[in-house]
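I have placed the structure first, in the form of structure tokens, so that the comments after it can refer back to it.
Numbering (our numbering), first residue to last: 16 to 327.
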């Protein structure tokens, strides 16, 4: 049984980590969040020590270490801009880090963490759960075993409506979140690079606070993408159904179905990490490079644009 601590216990993603820790027969011994709405802990680890101040949490972890109570992993579910600092804290305390995506916001942060990882002897893992989704694994197998010189044409569309709270939260601050493409797109970019290979071109056609669009070219794919949190961008048939989310990936005009199958992916991620098969810095770097370039590239008016851009 491994000992875990978790940062960001009040966030929406934290329960998936609680469940993964419990489902892998391990123990959460300490948790932190500045907000104290963490009653969900009672369903998983009611005896975990809880803190609302980082300094007291950090002191507690140090005291455990001095009392020969080892900390094996620190799970990090905090806002994006804090990931780098919290990963470093985990390694300083002699634990491996398990961090939600995006691992960091900039490629050079990955390089720095690689050096710290080597110095500490501990490992840094990230959650790339789409690589464990049965439909995506089947797609990768199909591409790997298909024609070697074929280039696939892909349209990626993801619209997930968000209310006024979004702009007030850290997610609405690009310096803290990395912007819309980072917040809701990074796992798609990782999946695409995993399936279709190295990215060779990255063009941005639209970059606003609540939506973005562009063109990515990989070794084996040409991708037109559109991401939005604006419910006005939802297709009419989705609005009629009163649905607030629309997700679509089509490859050569054939839809890929992966709307289900997400329920146990964090547990599968933890199983891989604990057995030494988790996704580390090498696996995550290309998606970090993609989101950094989307955030910083100039806006282009020409090129292969997503069909939804006809309205812009």
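Backbone N, C-alpha and C define an ideal beta-carbon position, used for all residues, glycine too.
Treat the numbers as computed from the prediction; the structure is a model and nothing was measured.
- Rounded to whole angstroms, residue 80 and residue 25 show a C-alpha spacing of 25 Å.
- Rounded to the nearest angstrom, the gap between the Cα atoms of residue 287 and residue 317 is 43 Å.
- In the DSSP assignment, residue 216 falls within the beta strand (DSSP E) that extends over 214 to 222.
- The beta carbons of residue 285 and residue 44 sit no closer together than 8 Å.
- Residue 261: member of the beta strand (DSSP E) spanning 260 to 266, first to last residue.
- Straight-line measurement puts the Cα of residue 255 at about 43 Å from the Cα of residue 297.
- The DSSP assignment places complete alpha helix (DSSP H) segments of no fewer than 4 residues inside the region 65 to 145 at 69 to 81, 98 to 107, 122 to 135, in order along the chain.
- Contact between the region 126 to 140 and the region 44 to 53 is not established, with fewer than three Cβ pairs separated by less than 8 Å.
- DSSP places residue 189 in the uninterrupted alpha helix (DSSP H) bounded by 189 to 192.
- Annotation: the continuous beta strand (DSSP E) that includes residue 175 extends over 167 to 175.
- The residues 235, 236, 237, in chain order, have a CB closer than 8 Å to that of residue 166 in the same chain once the five nearest residues on each side in sequence are set aside.
- Annotation: the continuous alpha helix (DSSP H) that includes residue 287 extends over 280 to 289.
- The distance from the Cβ of residue 122 to that of residue 191 is about 18 Å, inconsistent with a contact at the 8 Å cut-off.
- Counting along the chain, residue 29 sits inside the alpha helix (DSSP H) bounded by residues 29 to 38.
- Under DSSP, residue 208 forms no beta bridge with any residue.
- Excluding sequence positions up to five before and after residue 309, its CB lies within less than 6 Å of the CB of 196, 219, all in the same chain and listed in chain order.
- 8 Å or more divides the Cβ of residue 92 from the Cβ of residue 187.
- Residue 180: not part of any beta strand (DSSP E); member of the alpha helix (DSSP H) spanning 180 to 183, first to last residue.
- Proximity of the region 257 to 268 to the region 124 to 135 falls short of the contact definition, fewer than three beta-carbon pairs being nearer than 8 Å.
- Just so you know, the alpha carbons of residue 258 and residue 30 end up roughly 24 Å apart.
- Boundaries of the alpha helix (DSSP H) around residue 157: 149 to 159.
- DSSP, read as helix, strand or coil, puts residue 249 in coil.
- When the Cα atoms are used, residue 68 and residue 223 turn out to be separated by approximately 34 Å.
- Just measuring C-alpha positions, the residue of 199, 58, 87 sitting nearest residue 20 is 87.
- Boundaries of the beta strand (DSSP E) around residue 243: 236 to 243.
- When 246, 230, 119, 295 are compared, the shortest CA-CA separation from residue 315 is found for 230.
- Looking only at 116, 83, 72, 217, the smallest Cα-Cα distance to residue 105 is reached by 72.
- DSSP links residue 18 through a beta bridge to 42.
- Spanning the alpha carbons of residue 100 and residue 114 requires a straight line of approximately 11 Å.
- When secondary structure is reduced to three states using DSSP, residue 195 falls in the helix class.
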